[in-house]
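Please read the structure below before turning to the comments.
Protein chains: 2
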Amino acid sequence: MSVQERKKRERADRERLIVAAAREIAEEHGWDAVTTRRLSEHIEYSQPVLYSHFRGKREIIGAVALEGAAEMAAAARAATSAADTPRARVTALARAYLGFAESNPAVYDAMFRLDGGLVFAHEDTPEPLKDAFASLLDPLGEVAGDGVDPAMFTEVFWASLHGLATLGRSGRLPKADAERRTDLLVSRLIAA
Amino acid sequence: MSVQERKKRERADRERLIVAAAREIAEEHGWDAVTTRRLSEHIEYSQPVLYSHFRGKREIIGAVALEGAAEMAAAARAATSAADTPRARVTALARAYLGFAESNPAVYDAMFRLDGGLVFAHEDTPEPLKDAFASLLDPLGEVAGDGVDPAMFTEVFWASLHGLATLGRSGRLPKADAERRTDLLVSRLIAA
DNA sequence: TCGTTTGTCTAGCAGTGCTAGGATCGATCC
DNA sequence: GGATCGATCCTAGCACTGCTAGACAAACGA
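Structure (structure tokens):
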């Protein structure tokens, strides 16, 4: 049934178009500007079409989050693979993480601030999220220290970076000294 | 002019009533449920009255945030004053901070997640926010370590706690082990 | 007692997420 | 080939949002 195949392909294409449009609008004007009307106008379909792909706006955010998780994992791995000591890898990881958050604020929000209906820290967490966590765990496990669960250490490290990223971007931390804060955090968290 | 005095007092009372109502609704049903209509119904005045006190919903969030900052500072000081070593003070501080965030999620969001139109980390930052930061800085300055700016250390410590609080509450960190994560964070951040 | 000011309310605007029901198009069957 | 039927999509509309203009009444000063 080549016809059905084609339709399925077209539907998948349109779904990608929706996610890309949502991401683009969010990155340009913030998530508040991602309304179903603007979105439908952007993809040149009417609003109800959105709801034949996603249960609602929340699921669209979730789709953007999954896309972002894959990219973030790739960025993390690219950064760590270029360093050759455990400590250098972790420093590179921290910088890459914060760099990603700063360069893709809307995607970052979809992943870690907004409600995209995704399940975290659970066995049926979506694969991209698990893999993103793994991309942090790999280099961090090397410096967790004796008797410290690598996963838990990764959670703490991740949370700390998340705090720096969100408080920094919302203007709650001084613009200056962001680099030095990162360095201090890394040097302290790494096992002595 | 006793009449004007009375009116001024009544206005101030009503303003407190608005802030209290916003806080109560937010704490009970989340900030999304704090609509101008529900709020006006709660205080038994019409919507436009809100706008004679606050420029908009954002300012109401800001007012709740300032109230919360004062309470958080008090909680922090109460917790640290009961401990007698620098390390014990910092541990108590961390627990108190996370406890406040968990017990008052809506207020915490008003302070550190939502946009309440408040200026942070600046000379004309509102006094309650400055004082809340000071309540963190006092015990943390003791363990910042040589050659480390106490303010910057406090920022890093605070951001880390903020990350644990927000990721934890949104279900992005495992419910279990929250205490152990806090302990690990504290023990690593404190100067060796 | 009569304006004037102050305070409050009703009514409404433009926008939101989301959906019911009708139209239209294309694939299928006689 | 032409009728039928199902999938696909759109128009129109719901209940809600933050916010405001303009009417109205009460309290005030002259």
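Protein chains in written order, with full-length UniProt numbering: chain F, 1 to 192; chain A, 1 to 192. Cβ coordinates follow ideal geometry from the N, Cα and C atoms, glycine included. Given the structure is predicted, the values throughout are model-derived calculations rather than measurements.
Residue-level contact to chain F via CB, residue i, 7 Å cutoff
| i | result |
| --- | --- |
| residue 1 of chain A | Note that residue 1 of chain A scores 47 on pLDDT, short of 50, meaning its location in the model is unreliable and no value can be drawn from it. |
| residue 105 of chain A | no |
| residue 111 of chain A | no |
| residue 9 of chain A | no |
| residue 174 of chain A | yes |
Per-residue contacts from residue i into chain F (C-beta, under 8 Å)
| i | result |
| --- | --- |
| residue 192 of chain A | 192 |
Contacts that residue i makes with chain A (C-beta to C-beta distance below 9 Å)
| i | result |
| --- | --- |
| residue 171 of chain F | 119, 120, 121, 122 |
9 Å Cβ cut-off: residues of chain F touching residue i
| i | result |
| --- | --- |
| residue 163 of chain A | 156, 158, 159, 160, 161, 162, 163, 164, 165, 166, 167 |
Contact list for residue i against chain F, beta-carbon separation under 7 Å
| i | result |
| --- | --- |
| residue 152 of chain A | 177, 180, 181, 184 |
Reduced DSSP category for residue i - H, G, I as helix; E, B as strand; rest coil
| i | result |
| --- | --- |
| residue 141 of chain F | helix |
| residue 157 of chain A | helix |
| residue 133 of chain F | helix |
| residue 13 of chain A | helix |
| residue 112 of chain F | helix |
| residue 18 of chain F | helix |
| residue 32 of chain A | helix |
| residue 71 of chain F | helix |
| residue 66 of chain A | helix |
| residue 54 of chain F | coil |
| residue 97 of chain F | helix |
| residue 186 of chain A | helix |
| residue 148 of chain F | coil |
| residue 102 of chain A | helix |
| residue 1 of chain A | Any reading at residue 1 of chain A is ruled out, since the residue's pLDDT is 47, under 50, leaving its predicted position unreliable. |
| residue 259 of chain F | No answer is possible for residue 259 of chain F: the residues shown for chain F start at 1 and end at 192. |
| residue 166 of chain F | helix |
| residue 46 of chain A | coil |
| residue 41 of chain F | helix |
| residue 119 of chain A | coil |
| residue 76 of chain F | helix |
| residue 82 of chain A | coil |
| residue 181 of chain F | helix |
| residue 125 of chain F | coil |
| residue 172 of chain F | coil |
Any C-beta of chain A under 7 Å from that of residue i
| i | result |
| --- | --- |
| residue 189 of chain F | yes |
| residue 126 of chain F | no |
| residue 16 of chain F | no |
| residue 13 of chain F | no |
Per-residue contacts from residue i into chain A (C-beta, under 8 Å)
| i | result |
| --- | --- |
| residue 148 of chain F | 184 |
Could you run through the region 38-49 of chain F and flag, in chain order, every residue whose CB is less than 7 Å away from some CB of chain A?
Considering only beta carbons, no part of the region 38-49 of chain F lies closer than 7 Å to chain A.
Are the region 57-73 of chain A and the region 127-141 of chain A touching by the rule of at least three beta carbon pairs closer than 8 Å?
Proximity of the region 57-73 of chain A to the region 127-141 of chain A meets the contact definition, three or more beta-carbon pairs being nearer than 8 Å.
Pairing CB atoms from the region 116-130 of chain F with CB atoms from the region 52-62 of chain F, are three or more of them under 8 Å?
By the Cβ criterion, the region 116-130 of chain F is in contact with the region 52-62 of chain F, since at least three pairs of Cβ atoms, one from each stretch, lie closer than 8 Å.
With three or more beta-carbon pairs closer than 8 Å as the criterion, would you say the region 1-13 of chain A touches the region 39-46 of chain A?
No, they do not touch.
Counting beta carbon pairs with one atom in the region 155-170 of chain A and one in the region 89-105 of chain A, are three or more of them shorter than 8 Å?
Yes, since at least three Cβ pairs between the region 89-105 of chain A and the region 155-170 of chain A fall closer than 8 Å, the two stretches touch.
Touch check for the region 138-158 of chain F and the region 177-188 of chain A: three-plus C-beta pairs under 8 Å?
Contact annotation: the region 138-158 of chain F touches the region 177-188 of chain A, with at least three C-beta pairs closer than 8 Å.
Just checking, does the region 103-112 of chain F make contact with the region 21-31 of chain F on the three C-beta pairs under 8 Å criterion?
Judged by Cβ distances under 8 Å, the region 103-112 of chain F makes contact with the region 21-31 of chain F, as three or more pairs qualify.
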